[in-house]
Amino acid sequence: MNPYLGSDGLVPFVRRAGARGTGVFLLVKTSNPSAAELQDQPLFSGESLAQQVAKLADSLGEPLVGRSGYSSVGAVVGATYPEDLKLYRAEMPRAILLVPGYGAQGGTAADVVGAFNADGLGAVVSASRSVIYAYRATDPSPAEAVAAIAGAAEAMNRDINAALRAAGKLAW
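To get our numbering, take the position in the sequence shown, counting from 1, and add 598.
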């Protein structure tokens, strides 16, 4: 959800998610190159707009923390800003982070490690283009295209698990 409208534009959706046992994701720091134009702008407090949104997400999500220890209010934080991932993970320890920007946008497995909690949980890494277009390097049959896509998804999984293992965050 776009938080630009403020809490009165978010609360009805957050309440509905809580009532239904579902969730919402707030845009905190997106993966696109011009994200900083607005999201990194400092406020009077000295914090960036994105930091304020992270605090809002954490506050809105606090009453919706379930047995898993995670909230129904998650946050979108781009893999293309690895230092920010660490900052926002600390700001929102109970939020699931949806992490776009891995692969085609330039985010790497090492970049996304900061999105995960110490137990290796708490984040979902998204890699749309690098996975769904993995077949484009050749002129494949439908079966070969499916195999290329599956192979790209498996390679991404191995890559991220290796980075989590190296950081001491892999739970299995």
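Note that CB positions come from ideal geometry on N, CA and C, so glycine has one too.
Predicted model, so just to flag it, every value in this text is computed and none were measured.
*How should residue 687 be labelled, buried or exposed, when 16 other C-beta atoms within 10 angstroms of its C-beta is the threshold for buried?*
Position 89 of the sequence shown holds residue 687. That one is buried.
*Consult DSSP for residue 724 and reduce its assignment to one of helix, strand or coil.*
What you label residue 724 is simply residue 126 of the sequence shown in a count that begins at 1. Coil.
*Within the same chain, show all residues whose beta-carbon is closer than 7 angstroms to that of residue 679, passing over the 5 residues directly before and after it, in chain order.*
Numbered from 1 along the sequence shown, position 81 holds the residue referred to as residue 679. The answer, listed in chain order, is 627.
*Is the segment 717–733 in contact with the segment 694–701, if contact means three or more CB pairs nearer than 8 angstroms?*
yes
*Should the segment 726–738 be called in touch with the segment 699–712, which here means at least 3 C-beta pairs below 8 angstroms?*
yes
*Can you give the beta carbon distance from residue 675 to residue 713, rounded, assuming they're within the 8 angstroms contact cut?*
Position 77 of the sequence shown holds residue 675. Position 115 of the sequence shown holds residue 713. Correct: roughly 7 angstroms between the Cβ atoms.
*Measuring CB to CB, does residue 604 end up less than 9 angstroms from residue 661?*
Numbered from 1 along the sequence shown, position 6 holds the residue referred to as residue 604. Numbered from 1 along the sequence shown, position 63 holds the residue referred to as residue 661. Not a contact, by the Cβ cut-off of 9 angstroms.
*Closest to residue 673 by CA distance: which of 634, 690, 609 and 667 is it?*
Reading the sequence shown from its first residue, position 75 is the one you call residue 673. Checked all of 634, 690, 609 and 667; the closest Cα to residue 673 is 690.
*Please work out which residues of its chain come closer than 6 angstroms, Cβ to Cβ, to residue 625, disregarding the five sequence neighbours upstream and downstream, and give them in chain order.*
The sequence position of residue 625 within the sequence shown is 27, counting from 1. So the qualifying residues of the chain are 600 and 674.
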